[in-house]
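Working notes, structure below.
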Amino acid sequence: MTDALTRSADRLSFTDQAMFLGLRATGQEAIMQCVWIYERPIDYDGVRRFYEGIGHGVFGRRIERSPLPFGRHRWVSAPGPQAELDIAEPRTRSDLGGWVDERAAMPLDPEYGPGWHMGVLPMTDGSTAICLVGSHCLGDGGGGILTILDAVYGNKTDFDHPAPISRTRWRAIGSDLRETLRGVPEVARTVVAAAKLARRRRDDISRSGAARPREVTGADDRVYMPAVTAYVNAEDWLLRAKTLGGNSYSLVAGVSAKLAESMGRVRAEDGAVTLNIPQNDRTLDADMRANAVRLVNVALDPATVTTDLSPARAAIKAGLAAARDIPDETLQLLPLTPFIPKRVVRKMADMVFGFAADLPVSCSNMGEVPAAVALADGTEADYLYFRGIDRYATRGALEQRCGLLTVVACQVDSKVSLSVVAYQPGSENSTPWLHDLVAKTLADFELAGVIE
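One point on numbering: in our numbering, the residue at position 9 of the sequence shown is 20, and numbering is uninterrupted.
Structure (structure tokens):
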């Protein structure tokens with residue numbers, strides 16, 4: 012294979028490299044979790060087969076840095092399990108949430124490994140949980156689902172990435188330098204576009220900075236972000252959405268907006284809630300991107316979502332059309348990614364993810380996923396949910412963000428799951444606090460479910 016083909020097939024997209032640089036600059040890492048709950052003992056042989064199969068696709072690789080400080084990083088192969096299957100000592104069912112949190116805190120590294128790991132928790136009431144954790148630098152929810160399905164069906168999708176350290180240092184330097192020089196015209200155009208964009212967005216940057224609290228006590232302390240998952244009968248969920256003039260997507264958005272209102276995450280000027288909604292942009296034909304989504308920004312009035320979802324449905328439809336038809340001008344800046352110093356990456360992460368004055372809410376709806384996703388041991392799990400976590404978040408980062416709210420929803424067979432991670436400055440920020448908040452919000456929509 013020629014150098015050119017190797018670079019084209021194996022180098023990280025600018026978006027993926029930006030996420031990796033953000034991890035190294037800030038120490039905060041986005042991870043994804045998938046949890047299966049069986050109300051019975053599991054088939055351990057089936058789980059081990061599943062576990063062996065997970066180490067392919069987006070999880071069968073690692074990141075290898077360019078030897079150049081401004082070079083493009085690339086993917087290298089790392090097939091199969093990157094850590095042992097961890098079978099925990101039995102615990103009570105009430106300890107399930109704590110165990111899932113512990114799994115999220117276990118070491119992950121998309122460069123040195125392990126980039127993913129999996130554990131099993133037998134519980135004293137006879138039930139069993141399985142938890143898969145992966146770095147968002149390796150894959151997003153769409154990539155994770157495809158990898159899970161491959162593992163269930165016994166397929167092995169491999170991207171034919173090279174082995175680690177398969178290039179000598181000097182060959183890597185020469186190859187990456189030639190690639191960088193070829194990209195100089197694009198970088199020059201990007202610098203001009205960046206200057207124009209900065210002038211146009213001066214006011215946004217000022218508003219962003221104005222949202223920061225001046226001082227935070229214990230800013231470097233790592234803090235606990237409570238998380239709960241609600242399971243709602245899919246028929247009840249879809250009927251309620253239809254009754255309110257919406258659909259499942261607008262109901263997820265409505266619940267997210269109402270949760271945000273309860274936490275004070277509304278825009279000061281009009282009381283609206285801003286939702287950041289990722290939409291899958293992944294193709295099924297060997298799409299090697301770790302993160303293949305479009306971000307859709309939607310503003311909803313939380314005061315009306317419990318009685319009428321038609322405005323939310325229309326807003327989401329318009330947002331999707333805009334994301335498809337009107338390119339996000341900030342994406343024009345991605346070719347500058349390899350040249351950004353670490354100290355600037357920190358500031359950009361602050362500005363983009365941390366201090367937006369409109370207090371955005373991450374609202375991810377994975378839709379109805381194939382029922383086979385629930386077959387971790389070869390049989391259908393009773394409950395399944397996905398969630399996204401920011402690891403190693405400090406009090407200072409969360410306080411300066413004015414808190415955090417992340418909602419991940421999906422439907423598997425007859426259940427809709429809503430996983431909620433939240434932090435509100437000045438609040439109790441405990442699991443019971445969030446449990447009550449989610450239960451009250453569902454009741455506002457005349458819905459109920461199992462919450463744990």
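Positions of the beta carbon are idealized from the N, C-alpha and C atoms, including for glycine.
Test: residue i CB closer than 9 Å to a CB of chain D
i, result
"W47", "No chain D is present in this structure, which holds just one protein chain."
Supposed contact pair residue j and residue i - C-beta distance, whole angstroms, cut 8 Å
i, j, result
"P349", "F81", "5 Å"
"A7", "A323", "A question about residue 7 goes unanswered here, because the residues of the chain that appear run from 12 up to 463."
"T168", "H67", "6 Å"
"D171", "G130", "Contact doesn't hold; Cβ gap of about 30 Å is too wide."
"R233", "T390", "That pair is no contact at about 38 Å."
"V87", "A174", "6 Å"
"M308", "G330", "The sequence shown places Asn at residue 308, rather than the Met named in the question. That belief holds up - the Cβ atoms of N308 and G330 are roughly 6 Å apart, short of 8 Å."
"V431", "L445", "6 Å"
"A140", "L107", "6 Å"
"A326", "A310", "7 Å"
"Y305", "Q290", "A quick correction: the sequence has Arg, not Tyr, at residue 305. Right, the Cβ-Cβ distance comes to about 5 Å (below 8 Å), so this counts as a contact."
"Y49", "D393", "6 Å"
"V239", "I462", "6 Å"
"E75", "H84", "7 Å"
"G414", "P436", "5 Å"
"S261", "T452", "At roughly 15 Å, the Cβ-Cβ gap does not stay under 8 Å, so S261 and T452 are not in contact."
"A283", "D312", "6 Å"
"G145", "A89", "The pair is not a contact, with the Cβ atoms about 12 Å apart (cut-off 8 Å)."
"V316", "C374", "So it is not a contact: roughly 12 Å between Cβ atoms."
"Q44", "A116", "Incorrect: roughly 11 Å between the Cβ atoms, too far for contact."
"R51", "S138", "7 Å"
C-beta atoms of residue i and residue j nearer than 9 Å
i, j, result
"R104", "M134", "yes"
"N440", "S259", "no"
"D401", "E113", "no"
"R73", "G126", "yes"
"P300", "G154", "Residue identity differs from the one stated: residue 300 is Arg in this sequence, not Pro. Result yes, Cβ atoms of R300 and G154 sit closer than 9 Å."
"L370", "T285", "yes"
"R448", "Y434", "Note on identity: in this sequence residue 448 is Leu, with Arg being the wrong assignment. Contact flag unset, no."
"T27", "C148", "This sequence places Asp at residue 27; Thr is not what is there. Yes, the pair counts as a contact, with Cβ atoms nearer than the cut-off."
"V69", "Y396", "no"
"A241", "S428", "yes"
"L320", "G256", "yes"
"L132", "A99", "yes"
"G91", "G71", "yes"
"L32", "D247", "no"
"N244", "G407", "no"
"L270", "V372", "yes"
"G185", "N302", "no"
Exposed unless 16 or more other CB atoms sit within 10 angstroms - verdict on residue i
i, result
"P224", "Low local confidence applies: a pLDDT of 49 at P224 is under 50, so the model's placement there is unreliable, and no value is given."
"W181", "exposed"
"F456", "buried"
"G399", "buried"
"V195", "exposed"
"P443", "exposed"
"P237", "buried"
"M12", "Residue placement at M12 is poorly supported in this model, since its pLDDT is 37, which falls under 50; the coordinates still yield a value, given next. Answer is exposed; the Cβ neighbour count stays below 16."
"M30", "buried"
"T37", "buried"
"V203", "exposed"
"K426", "buried"
"E280", "exposed"
"D136", "exposed"
"P121", "buried"
"R22", "buried"
"T318", "exposed"
"L295", "exposed"
"A454", "exposed"
"R35", "exposed"
"A252", "buried"
"I288", "buried"
"R189", "exposed"
Residue i CB to nearest heavy atom of the ligand ADP below 8 Å
i, result
"A323", "Here there are no bound small molecules, and the ligand ADP is not part of this structure."
Query raised in the report: Touching or not, the segment 76–94 and the segment 53–61, by the rule of three or more beta carbon pairs under 8 Å?
Result: Touching, no, given that fewer than three Cβ pairs across the two stretches are closer than 8 Å.
**Report entry** alpha helix (DSSP H) runs contained entirely in the segment 95–145, provided each spans 4 or more residues
**Finding:** Whole alpha helix (DSSP H) segments, 4+ residues: 107–116.
Report task. Taking 8 Å as the threshold, find out whether the segment 158–167 comes into contact with the segment 59–66 through three or more Cβ pairs. Result -> The segment 158–167 vs the segment 59–66: in contact.
Query - Ranges of the beta strand (DSSP E) found wholly within the segment 24–84, counting only runs of at least 3 - result: Taking only runs of at least 3 residues, the beta strand (DSSP E) segments lying wholly in the segment 24–84 are 40–49 and 72–75.
Query raised in the report: Which whole runs of the alpha helix (DSSP H) in the segment 158–185 are 4 residues long or more, in chain order?
Result: With a minimum length of 4 residues, no continuous alpha helix (DSSP H) run stays inside the segment 158–185.
Report task. Within the segment 275–360, note down every full beta strand (DSSP E) run reaching 3 residues or more, in order along the chain. Result -> The qualifying runs are 284–291 and 304–311.
Report task. Just list the alpha helix (DSSP H) runs in the segment 376–402, keeping only unbroken ones of 4 residues or longer that don't cross its boundaries, in chain order. Result -> You should have found no qualifying run.
Query raised in the report: Which runs of the beta strand (DSSP E), 3 residues or longer, sit entirely within the segment 397–436?
Result: Counting whole runs of 3 or more residues, the segment 397–436 contains the beta strand (DSSP E) stretches 415–423 and 426–434.
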